[in-house]
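Which chain is which? The protein sequence lines are A, B, C, D, E, F, G and H, in order. Residue numbering for the first sequence follows UniProt numbering, starting at 1 and increasing by one per position. Residue numbering for the second sequence follows UniProt numbering, starting at 1 and increasing by one per position. Residue numbering for the third sequence follows UniProt numbering, starting at 1 and increasing by one per position. Residue numbering for the fourth sequence follows UniProt numbering, starting at 1 and increasing by one per position. Residue numbering for the fifth sequence follows UniProt numbering, starting at 1 and increasing by one per position. Residue numbering for the sixth sequence follows UniProt numbering, starting at 1 and increasing by one per position. Residue numbering for the seventh sequence follows UniProt numbering, starting at 1 and increasing by one per position. Residue numbering for the eighth sequence follows UniProt numbering, starting at 1 and increasing by one per position. Encoded as structure tokens, the structure appears first; notes follow it.
8 protein chains.
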Amino acid sequence: MTTPPVGIIMGSQSDWATMREAATLLEELYIPFEARIVSAHRTPDRLWDYGKTAVDRGLQVIIAGAGGAAHLPGMMASKTRVPVIGVPVQTKALSGVDSLYSILQMPRGFPVATMAIGSAGAANAALMAAGILALQDAELAKRLDDWRDALSASIPEVPHD
Amino acid sequence: MTTPPVGIIMGSQSDWATMREAATLLEELYIPFEARIVSAHRTPDRLWDYGKTAVDRGLQVIIAGAGGAAHLPGMMASKTRVPVIGVPVQTKALSGVDSLYSILQMPRGFPVATMAIGSAGAANAALMAAGILALQDAELAKRLDDWRDALSASIPEVPHD
Amino acid sequence: MTTPPVGIIMGSQSDWATMREAATLLEELYIPFEARIVSAHRTPDRLWDYGKTAVDRGLQVIIAGAGGAAHLPGMMASKTRVPVIGVPVQTKALSGVDSLYSILQMPRGFPVATMAIGSAGAANAALMAAGILALQDAELAKRLDDWRDALSASIPEVPHD
Amino acid sequence: MTTPPVGIIMGSQSDWATMREAATLLEELYIPFEARIVSAHRTPDRLWDYGKTAVDRGLQVIIAGAGGAAHLPGMMASKTRVPVIGVPVQTKALSGVDSLYSILQMPRGFPVATMAIGSAGAANAALMAAGILALQDAELAKRLDDWRDALSASIPEVPHD
Amino acid sequence: MTTPPVGIIMGSQSDWATMREAATLLEELYIPFEARIVSAHRTPDRLWDYGKTAVDRGLQVIIAGAGGAAHLPGMMASKTRVPVIGVPVQTKALSGVDSLYSILQMPRGFPVATMAIGSAGAANAALMAAGILALQDAELAKRLDDWRDALSASIPEVPHD
Amino acid sequence: MTTPPVGIIMGSQSDWATMREAATLLEELYIPFEARIVSAHRTPDRLWDYGKTAVDRGLQVIIAGAGGAAHLPGMMASKTRVPVIGVPVQTKALSGVDSLYSILQMPRGFPVATMAIGSAGAANAALMAAGILALQDAELAKRLDDWRDALSASIPEVPHD
Amino acid sequence: MTTPPVGIIMGSQSDWATMREAATLLEELYIPFEARIVSAHRTPDRLWDYGKTAVDRGLQVIIAGAGGAAHLPGMMASKTRVPVIGVPVQTKALSGVDSLYSILQMPRGFPVATMAIGSAGAANAALMAAGILALQDAELAKRLDDWRDALSASIPEVPHD
Amino acid sequence: MTTPPVGIIMGSQSDWATMREAATLLEELYIPFEARIVSAHRTPDRLWDYGKTAVDRGLQVIIAGAGGAAHLPGMMASKTRVPVIGVPVQTKALSGVDSLYSILQMPRGFPVATMAIGSAGAANAALMAAGILALQDAELAKRLDDWRDALSASIPEVPHD
């Protein structure tokens, strides 16, 4: 079984409600992916293994969603040079600002490509992954262009009640 | 003259103090780039042209820095499918939270890979660009691995006064 | 068909729930208007055209509502000298503070007359438009004065349970 | 002595450091103005008089700057239908977020056209005033267009160290 | 008809849901009061009159509740030396932080005794008024002491499910 | 030695730089006061004693300044029914928002009359104390009216460079 | 009756909904505890007694939950050297940021071990208490290790819909 | 060489300016400690080793300071049941709120005892460690009591200019 180009990882089952948006969009663009729960705190060794093997397994992009003290995206970025896209999951008390700061404010050396808080960010993570992969895949580039054109074409001129 | 793989664009001359960090890091990694001032509000047609020609010119990654109502990264993402990395420049009154929200909170359809506020974010934008380009460039991948290894090796065990 | 003096534009159909307040108030004051969906990111060319033709079409005021990374009002202000009034639409994770900062914090050169977050802001955008148009329209000035007087007169002296 | 079309008012002498930017820009555009200190709390009767006579005196736009619990712009908007543009002055403890919320969050009925915090906002207040006055003054419209064109033309293509 | 010692004023009918807490607590302490809607923006002359006559009418404490750009408490404090207690009403988008900053951040010269956001603040406004009046009213002092003792005595030692 | 009507207390010596503003203003109004360091955490028994004896000693108003986790004003309000005015001292990391929330957000039962963050708040605490004492002291009322009139009269009409 | 090693205290009955999480987790780990309502403001003497007797009674850890101007944890830390763990209870207007700042920002001298806002924080308070007690209790250390292992083992590899 | 009971770890050399406060206070209390730089992102394997061996090496408390996306304290808490005390280091753009949220908002299972932002927090981390160790060390308990008494005794009654 070959490794898909995109790995979607998340800190817990509850993040799937958000991260499913990324999966759906990857499916729309016919981009294979795997989805895994990799908790930075509860399964740190799983995180370690995932990061250490990412290059060799052939992963091209890792999409990592987490909430609260969201260490998964940044720790993954510390373990592999495969580009990591981070999705801050919305939280109850702090609306995801905690997730955002934990993912975004990485020190010099370990970038995480941070997306908007919540499901718009999850969908955009998939599109960012598509844009990266399209650099080497002309057919995907075409599908992405078409997806973008279709989105633009879907906007009516006049709002309706 | 060939187009370099990376374009660094910024909203104004004053952003260069921050964005120069990205340039420096690209130079360290021997990644060719161009640097341009492209103001979303003062030179919108320049933004349009830059975005519309990005694919054809062969740009692989666009790094866009801006402050305040920072529309440059998101508008660029709307004009091209080339991956856009956004750097929120720190601001006087709101410390760059205005820049951050203007760059980060993109709607479904147009991702911007947002980095940390300020110069750490600019440096990381270059590293993210390197990670993306390294997917198709084994020698760059090697240089990036070496850069990361050297960073890790530079950390002393014990703090000094 | 003549161009009305006021254009209400918004980033998406979902903003209409908020922006309808502006429309309702313009109707109360007998000010003709048009309502359009102009997405900065999904339909940038529509934005360009709207801005470029605004003066020639005879638009006197543009009311622009958007949420999240709300680039529509500021980009419109960059394309035309017609006064632009911005309405920050309330958002799920950040309550519209993202919309607010993206609209408000414009750099020197391109003002957006920013209103309160949400539907009060949309209603006030219409009243601000009325105040601007009333400078050249004595009858509208009278209607606006009456509207304001009626609002004041409607306030009871004593609260009721 | 005739009333100029624009009145710049501010809550205290210390606000002049910010509001002078508005004055400078009005001068650049040859728009006559008056500058007055009108403290909502220390000189409420002055505020009352200024607001009550604004229409009769022929004021077309009022630019009001204030900091902290910044009540001047909103109270002025309650006293006159002349368009009020509000400038949140940056403050020591809260960076002007207090000024911003006090000016922006007006209830339905009394809009204040809020600008960015600090001196960029003051300059933009003048430009917004110019845009409003230009609706009835073709020569000013020309000067404003030229000012905007000159600003755009002043942006170099490449940043310099 | 004599003026009661306490005036409860609020910016709109909708604030009564919050301010009723103050009324209830004043009733518990047998402190006479009046409740009035006094909108800073919609009925500024009412505000003026209320403030100007407060001393002569014999008001001892004014409790003022308002939301958003909450100018009522501070403007009242500018019109009279009668102590003004401010209650920030919770708001939809900004949770009452806008109300709070508009009430709290008064400049040197015009204090507003700001209470907690929402109904706890409204209840405490009444208790603060009671504490002030108790300085000259030994019987009220006794009732207030009793109320406080009863509150303390009502707290069980052990939580129950 | 008689107890003065006003007690200024503060959490540490470093708060005196702020609270001195209250002392200065009380002196201007010829209101006797005492100034004490009463640390909620370092000298809790001093806090207890100060609060328990406040009524019997004849204190009429307590002004309490503190920073960070600022428990002094609220704990004092729990120990005495003498009105407590709280001054949030500006802090290094959080600008006094921590002080503000710790003082302001008191539960139902124990009001603290919270003033603006920093020295404006300290000055206003003295003026609030004056307003409370003036309810029973016609001469002080006159002095306070004069102080307010002088403040208003000191405001020039026109700003100077 | 012997004193259990852990005391759970809270500011009011309403905090029990949150603090029960701590109790549940202590039960899972077979750690005896007592639960008490100790209001810093309504029952300050109870707070005093609890703190003063903590060492002599043999308490090893105190878990203190409170909301708003949450003075209980910090005041307890001022009364005893027994380690105090603070739990910021989520609040209506400010989502528990007020609770957090009131608990966290303690001055040099009186630490409070602050946990996450809300019920996750309450559960973690119990685990922190367990970690502290485990330093002297090998069997508890074993139970804690097992609890942690079981948590890790419970995480599935793949998310399910 | 025996392992000291306390380990102070920090994300980078620059954190030492803050964390030195912890070291100083441990020295004052005669508590042996080691100080190490352990970067979560730059030296993740060092973090792993430190955490995995903590129990066996005999560490009793780990004090971890970090700034920005501060993952060190929480990741350490995931690797060992030894109590981890977290110190949020103040940062340039976000004043340490990013550090705070990244440290504080840990999910159920992995507590970090979070201290105040900056050097007060570092000092308090040492005192919290002392309080924990004092549970099994009567002489340290005595020294800690004395330190606390001396702090209280050092507070003057009256502020000086």
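We treat Cβ as the ideally placed atom computed from N, Cα and C, and that holds for glycine.
Decide if the region 143 to 151 of chain G is in contact with the region 54 to 73 of chain G; the criterion is three or more beta carbon pairs, one per stretch, under 8 angstroms apart. When C-beta atoms of the region 143 to 151 of chain G are compared with those of the region 54 to 73 of chain G, fewer than three pairs fall below 8 angstroms, so the two segments do not count as touching.
Compare the beta carbon distance of H:Gly7 and H:Glu34 with 9 angstroms and say whether it is the shorter of the two. Taking the eighth sequence and counting its residues from 1, one reaches residue 7 of chain H at position 7. Taking the eighth sequence and counting its residues from 1, one reaches residue 34 of chain H at position 34. Their beta carbons are under 9 angstroms apart, which means H:Gly7 touches H:Glu34 by this criterion.
What three-state label does DSSP hand A:Arg57 in the structure shown? Stepping through the first sequence from its first residue, residue 57 of chain A is reached at position 57. Correct three-state label for A:Arg57: helix.
Taking only three categories from DSSP, how would you classify C:Gly86? Counted from its first residue, the third sequence places residue 86 of chain C at position 86. In this structure, C:Gly86 counts as strand in the three-state DSSP scheme.
Please classify E:Lys52 as buried or exposed, where buried requires at least 16 other C-beta atoms within 10 Å of its C-beta. If you number the fifth sequence from 1, residue 52 of chain E lands on position 52. So E:Lys52 counts as exposed.
Closest to B:Val55 by C-alpha separation, out of B:Pro83, B:Ser152, B:Pro156, B:His160, would be which residue? Residue mapping note: residue 55 of chain B aligns to position 55 of the second sequence, counting from 1. Per the Cα distances, B:Pro83.
With a cut-off of 8 angstroms, do at least 3 Cβ pairs link the region 105 to 120 of chain D to the region 115 to 126 of chain C? Yes: at least three Cβ pairs fall under 8 angstroms.
Contacts around A:Thr3, its chain only, beta-carbon distance under 8 angstroms, and the 5 residues preceding and following it disregarded: If you number the first sequence from 1, residue 3 of chain A lands on position 3. Cβ neighbours of A:Thr3 beyond the five flanking positions: Glu34, Arg57, Gly58, Leu59.
Return no unless some Cβ of chain H is closer than 9 angstroms to the Cβ of A:Trp16. Counted from its first residue, the first sequence places residue 16 of chain A at position 16. No, no contact with chain H.
Spatial distance of B:Ala123 from C:Met76 (CA atoms): Taking the first residue of the second sequence as position 1, residue 123 of chain B is located at position 123. Taking the first residue of the third sequence as position 1, residue 76 of chain C is located at position 76. The straight-line gap from Cα to Cα measures roughly 32 angstroms.
H:Arg143 - DSSP class collapsed to helix/strand/coil: Here residue 143 of chain H is taken as the residue at index 143 of the eighth sequence, counted from 1. In the three-state scheme derived from DSSP, where H, G and I count as helix and E and B as strand, H:Arg143 is classed as helix.
Show which residues of chain F have a CB atom less than 7 angstroms away from the CB atom of G:His71. Translated into the one-based positions of the seventh sequence, residue 71 of chain G becomes position 71. Going along chain F in sequence order, the residues near G:His71 (Cβ under 7 angstroms) are His71, Gly74, Met75.
Determine the closest residue to E:Tyr30 out of E:Ala134, E:Val158, E:Val89, with distance taken between C-alpha atoms. Along the fifth sequence, one-based indexing puts residue 30 of chain E at 30. It is E:Ala134.
Residues bridged to C:Phe110 (per DSSP): Here residue 110 of chain C is taken as the residue at index 110 of the third sequence, counted from 1. Answer by DSSP bridge pairing: none, since C:Phe110 is not bridged.
When the cut-off is 9 angstroms and only beta carbons count, does D:Gln90 lie next to chain E? For the purposes of this step, residue 90 of chain D is taken as residue 90 along the fourth sequence, with counting starting at 1. Chain E contact via Cβ: absent.
Distance check for B:Ser152 and A:Gly109, CA to CA, integer angstroms please. As a position in the first sequence, residue 109 of chain A is number 109, starting the count at 1. As a position in the second sequence, residue 152 of chain B is number 152, starting the count at 1. The straight-line gap from Cα to Cα measures roughly 9 angstroms.
Excluding five sequence neighbours on each side, which residues of the same chain lie with their C-beta closer than 6 angstroms to the C-beta of G:Ile9? Sequence index remark: in the seventh sequence, residue 9 of chain G carries index 9 (1-based). Once the five neighbours on either side are set aside, the close Cβ partners of G:Ile9 are Arg36, Val38, Ala64.
Same chain, Cβ closer than 7 angstroms to F:Thr91, five either side skipped, listed in chain order: Along the sixth sequence, read from residue 1 onward, the residue named residue 91 of chain F stands at position 91. Same-chain partners within the cutoff: Gly67, Gly68, Asp98, Ser99.
What residues in its chain sit with their C-beta under 8 angstroms from that of A:Gln13, if we drop five residues either side in the sequence? Against the first sequence, residue 13 of chain A aligns to sequence position 13. These residues qualify, in order along the chain: Ile37.
Any Cβ of chain A within less than 9 angstroms of the Cβ of H:Tyr101? Numbered from 1 along the eighth sequence, position 101 holds the residue referred to as residue 101 of chain H. So, interface residue.
Based on Cα-Cα distance, which residue from A:Lys79, A:Val61, A:Ala125, A:Ser78 lies nearest to A:Pro88? One-based indexing of the first sequence puts residue 88 of chain A at position 88. Considering only alpha carbons, the answer is A:Ala125.
DSSP three-state call for D:Val6: helix, strand or coil? One-based indexing of the fourth sequence puts residue 6 of chain D at position 6. D:Val6 falls in the strand class under three-state DSSP.
Anyone know if the C-beta pair for D:Ser78 and E:Arg148 falls short of 9 angstroms? On the fourth sequence, residue 78 of chain D is found 78 positions in, with the first residue counted as 1. On the fifth sequence, residue 148 of chain E is found 148 positions in, with the first residue counted as 1. Not closer than 9 angstroms, so no.
Measure the alpha-carbon distance for H:Leu127 versus H:Leu26 and round it to whole angstroms. For the purposes of this step, residue 127 of chain H is identified with residue 127 of the eighth sequence, where counting begins at 1. For the purposes of this step, residue 26 of chain H is identified with residue 26 of the eighth sequence, where counting begins at 1. Rounded to the nearest angstrom, the two C-alpha atoms are 8 angstroms apart.
Under 8 angstroms by beta carbon: chain H residues contacting F:Met117: In the sixth sequence, the residue the question calls residue 117 of chain F occupies position 117. In the sequence on display, residue 117 of chain F carries Ile and not Met. Neighbours of F:Ile117 on chain H: none; closest Cβ ~15 angstroms, over 8 angstroms.
What does F:Ile62 pair with, by DSSP beta-bridge criteria? Here residue 62 of chain F corresponds to residue number 62 of the sixth sequence, with the count starting at 1. Looking at the DSSP assignment, F:Ile62 forms a beta bridge with F:Gly7, F:Val84.
Extent of the continuous alpha helix (DSSP H) run through H:Glu28: Position 28 of the eighth sequence, counted from the start, is the residue given in the question as residue 28 of chain H. 16 to 28 is the span of the alpha helix (DSSP H), which, as asked, contains H:Glu28.
Should H:Val112 be labelled buried (16 or more other beta-carbon atoms within 10 Å of its own) or exposed? If you number the eighth sequence from 1, residue 112 of chain H lands on position 112. Classification for H:Val112: buried.
Just curious, the beta strand (DSSP E) that E:Ile132 is in, first and last residue? Working through the fifth sequence from its first residue, we reach residue 132 of chain E at position 132. Element bounds for E:Ile132: not the beta strand (DSSP E) but the alpha helix (DSSP H), 119 to 133.
Give the secondary structure of C:Ala153 by DSSP, where H, G and I count as helix, E and B as strand, and everything else as coil. Within the third sequence, numbered from 1, the residue matching residue 153 of chain C stands at position 153. DSSP places C:Ala153 in helix when its eight states are reduced to three.
What does the Cβ neighbour count give for D:Thr24, buried or exposed, with the cut at 16 atoms within 10 Å? For the purposes of this step, residue 24 of chain D is taken as residue 24 along the fourth sequence, with counting starting at 1. Classification of D:Thr24: exposed, given that the 10 Å Cβ count is below 16.
Interface residues of chain G around E:Gly96 at Cβ under 9 angstroms? Stepping through the fifth sequence from its first residue, residue 96 of chain E is reached at position 96. Near E:Gly96 (Cβ distances below 9 angstroms), the residues of chain G are Ala93, Leu94.
Say whether chain F places a C-beta atom closer than 9 angstroms to the C-beta of G:Trp147. By 1-based counting over the seventh sequence, the position of residue 147 of chain G is 147. Not closer than 9 angstroms to any Cβ of chain F, the Cβ of G:Trp147 fails to qualify, so no.
Along chain C, in chain order, which residues have C-beta atoms closer than 7 angstroms to that of D:Leu104? Numbered from its first residue, the fourth sequence carries residue 104 of chain D at position 104. Thr114, Ala116, listed in chain order.
In the DSSP output, what is C:Arg36 paired with across the bridge? What you label residue 36 of chain C is simply residue 36 of the third sequence in a count that begins at 1. Partner residues in the beta bridge of C:Arg36, as assigned by DSSP, are C:Ile9.
Chain C contact residues for E:Ile37, given Cβ-Cβ distances below 9 angstroms: Position 37 of the fifth sequence holds residue 37 of chain E. Within 9 angstroms Cβ-Cβ: Ile155, Pro156, Glu157, Val158, Pro159.
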